[in-house]
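Working notes, structure below.
Protein chains: 2
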Amino acid sequence: MKENRKPVLDIVKVGGQIIGDQAKLNALLERFAQMDGYKILVHGGGKRATEMEGKLGVVSKLYKGRRITSDKSLEVAIMVYAGLVNKSIVAGLQAYNCNAIGLCGADGDTILAHKRPVGEVDFGFVGDIQKVNTEPIAQLIKNNITPVFCALTHDGAGQLLNTNADTIASELAIGLSNAFQVSLWYCFEKKGVLHNIEEADTLIRKIDKKSYKQLLEQQIIGEGMLPKLYNSFSALDAGVHKVCIGDISMLEKDAKEFTTITL
Amino acid sequence: MKENRKPVLDIVKVGGQIIGDQAKLNALLERFAQMDGYKILVHGGGKRATEMEGKLGVVSKLYKGRRITSDKSLEVAIMVYAGLVNKSIVAGLQAYNCNAIGLCGADGDTILAHKRPVGEVDFGFVGDIQKVNTEPIAQLIKNNITPVFCALTHDGAGQLLNTNADTIASELAIGLSNAFQVSLWYCFEKKGVLHNIEEADTLIRKIDKKSYKQLLEQQIIGEGMLPKLYNSFSALDAGVHKVCIGDISMLEKDAKEFTTITL
Chain V
20 MKENRKPVLD
30 IVKVGGQIIG
40 DQAKLNALLE
50 RFAQMDGYKI
60 LVHGGGKRAT
70 EMEGKLGVVS
80 KLYKGRRITS
90 DKSLEVAIMV
100 YAGLVNKSIV
110 AGLQAYNCNA
120 IGLCGADGDT
130 ILAHKRPVGE
140 VDFGFVGDIQ
150 KVNTEPIAQL
160 IKNNITPVFC
170 ALTHDGAGQL
180 LNTNADTIAS
190 ELAIGLSNAF
200 QVSLWYCFEK
210 KGVLHNIEEA
220 DTLIRKIDKK
230 SYKQLLEQQI
240 IGEGMLPKLY
250 NSFSALDAGV
260 HKVCIGDISM
270 LEKDAKEFTT
280 ITL
Chain U
20 MKENRKPVLD
30 IVKVGGQIIG
40 DQAKLNALLE
50 RFAQMDGYKI
60 LVHGGGKRAT
70 EMEGKLGVVS
80 KLYKGRRITS
90 DKSLEVAIMV
100 YAGLVNKSIV
110 AGLQAYNCNA
120 IGLCGADGDT
130 ILAHKRPVGE
140 VDFGFVGDIQ
150 KVNTEPIAQL
160 IKNNITPVFC
170 ALTHDGAGQL
180 LNTNADTIAS
190 ELAIGLSNAF
200 QVSLWYCFEK
210 KGVLHNIEEA
220 DTLIRKIDKK
230 SYKQLLEQQI
240 IGEGMLPKLY
250 NSFSALDAGV
260 HKVCIGDISM
270 LEKDAKEFTT
280 ITL
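Chains V and U, in that order, are what the protein sequence lines are.
Counted from 1, the first sequence has number 103 at position 84 by the working numbering; the numbering is strictly sequential.
Counted from 1, the second sequence has number 81 at position 62 by the working numbering; the numbering is strictly sequential.
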């Protein structure tokens, strides 16, 4: 199969609770640095953006639980995501001998987005991804430089935009699937997709489209997990090799305790 | 001469007063984007870091007029330099069709520094440059991606460090002189080096080592300009082709109203 001849690329998206906990983040960075081969890290800002908004007296409005990004909260997002969090991760990875480079979607024009159209509500400076320019990313990777993406894109006309980190990870995975055999790793605080969210030992190790439908029918999948699984199948449909969901330990070489999603 | 066969590279350092003024910054970005050939932009944070410290209640200590970088002021520097200022510049350059990539010294391990040793005073998280890794920078440049460096370096052990932007520009210029014929442009609010700092029409168009000595003897050079000229001659001694000092207009194609420094 032609598929097998593509070089392997791992894209790891690290969740907010890990970003917000320095000890967990260090553990993640150490394991990520040890992963062989080509790789990309994607992160949001965790609670640090909210904390910084608090310190600066910036009040984020919500609409049905979803954040509206005002000019002031965009400014905080740029400072925290692209500054504090991204550069701390890059410096941390360098210390673990991983030659990382921190990027937002404006850097190298890697991720173009357009401001979400105003419908029922104006979500403000939120970007929906239009295009991933894979060439500059592939160039970095092939020079053994590891891109670390924060959750910001740009519109090509000078405007930075806040974009969901899960979506950035899956769009990068889809875009890079042309040139690489991409595995997408959603790394967060739980062991993976659980039958019972309260019990860590109810891990579902494999999900495919058929079992996904059953799980949906049985209403087993929690609300927080729904968009992740939806994104995962979109990514798989678009050529991504596999998607894995689990905690930091899933990045270890012989790890088995996580959820693997395939078509 | 072998020198002439090296590709030309322009390194532009943009000063704090331009960074702090959105209209001036846009004008600078537009002109910089129009410059032909390989180029690099270097910037500090202007007054924005001080403003942000004010908003966050971070008090910077000074020692004989020089800032001491506490952990809190380093955090602000990372947010403002690498976040707000760097990414706004990158997004702005993209809008002018210049494919920029924002970097601090930790990105791609490009600029290694060590924390300044504690002597008479502890300057805190300030980095003195040890080494510029030119290879990843040259790779980006040759792929027609324009690096935009902020005034942060790292120590290779996970610590980001605050480093003077003028020094970053001159160390980049020196390091890249092996592979490029480098011109270093210090772009700030004045026309260049002036005989009389109060009178813009007293511009000194050419300075070489001989006239520099005379200017020093006549005590014509203002205190703010002294380190710039000292850095300039160090850079020239170390292989940089020429150093120019002037305002935004010096980046125009047929500009003549600025100071050129040569050996």
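The beta-carbon is built from N, C-alpha and C at its ideal position, and this holds for glycine as well.
With respect to the C-alpha of Ile239 of chain U, the residue from U:His214, U:Tyr249 and U:Gln158 having the closest C-alpha is U:His214. Shown here for Thr279 of chain V: same chain residues with a beta carbon closer than 7 angstroms to its own, the five before and five after excluded, namely Arg224, Lys225, Lys261 and Cys263 in chain order.
As the crow flies, the alpha-carbon of Phe277 of chain V is around 16 angstroms from that of Tyr231 of chain V. The C-beta distance from Gln149 of chain V to Ala110 of chain U rounds to 15 angstroms, too long to fall under 8 angstroms, and the pair is not in contact. Taking 8 angstroms as the threshold, the shortest C-beta distance from Ile87 of chain V to chain U does not fall below it. Chain order gives the chain V residues near Val99 of chain U as Met98 and Gly102, where near means a beta carbon separation below 8 angstroms. Interface flag for Ala157 of chain U against chain V is unset, since no Cβ pair is found closer than 8 angstroms. Taking the Cα positions, Phe142 of chain U is about 6 angstroms away from Thr88 of chain U. Per DSSP, the unbroken beta strand (DSSP E) holding Lys150 of chain U starts and ends at Gly146 to Val151.
Between Lys74 of chain V and chain U, the shortest Cβ-Cβ separation is below 8 angstroms. Asp227 of chain U has its alpha-carbon roughly 12 angstroms from the corresponding atom of Leu235 of chain U.
Ser253 of chain V sits in a helix when the DSSP states are folded into three classes.
Where Lys232 of chain V is concerned, there is no enclosing beta strand (DSSP E), although the alpha helix (DSSP H) around it starts and stops at Lys228 to Glu236. Secondary structure note for Ser202 of chain V: it is in no alpha helix (DSSP H), and the uninterrupted beta strand (DSSP E) holding it is Gln200 to Cys206.
Three or more Cβ pairs drawn from the stretch 23-43 of chain V and the stretch 60-73 of chain V lie within less than 8 angstroms of each other, which places the two stretches in contact.
Look at the beta carbons and you see the stretch 78-96 of chain V not touching the stretch 79-93 of chain U: under three pairs across the two are nearer than 8 angstroms. One thing to note: Leu191 of chain U has its Cβ within 8 angstroms of the Cβ of Ile30 of chain U. Between the stretch 163-183 of chain U and the stretch 117-126 of chain U, the count of C-beta pairs closer than 8 angstroms reaches three or more; the two stretches touch.
Using a 10 angstroms sphere on the CB of Pro136 of chain V, the tally of other CB atoms stays under 16, which defines it as exposed. As DSSP reads the structure, Pro166 of chain U sits in a beta bridge with U:Ile120. Taking 8 angstroms as the cut-off, the Cβ atoms of Gly175 of chain V and Leu222 of chain V do not count as close. Per DSSP, Gly111 of chain U is one residue of the alpha helix (DSSP H) stretching across Asn105 to Ala114.
Contacts with chain V at 8 angstroms (Cβ-Cβ) include Gly121 of chain U. Non-local C-beta neighbours of Ala52 of chain V in its own chain, meaning closer than 7 angstroms and more than five positions away in sequence, comprise Leu112, Tyr115, Asn116 and Cys117, ordered along the chain.
With fewer than 16 other beta carbons inside 10 angstroms of its own, Asp256 of chain U counts as exposed. Beta-bridge partners assigned by DSSP to Val61 of chain U: U:Lys32 and U:Phe168. Boundaries of the alpha helix (DSSP H) around Lys91 of chain U: Asp90 to Ala96. Under the DSSP assignment, Gly265 of chain V falls in the beta strand (DSSP E) whose first and last residues are Lys261 to Gly265. Classified as exposed, Glu154 of chain U has fewer than 16 neighbouring CB atoms from the shown chains inside 10 Å of its CB. Here the alpha carbon of Gly34 of chain U sits roughly 19 angstroms from the alpha carbon of Leu28 of chain U. For Thr279 of chain V, the uninterrupted beta strand (DSSP E) segment begins and ends at Thr278 to Ile280. With a contact defined as Cβ atoms closer than 8 angstroms, Ser253 of chain V and Ser189 of chain V qualify at about 7 angstroms. In the three-state scheme derived from DSSP, where H, G and I count as helix and E and B as strand, Val212 of chain V is classed as coil. Any Cβ of chain V closer than 8 angstroms to the Cβ of Gln53 of chain U would place that residue at the interface, and such an atom is absent.
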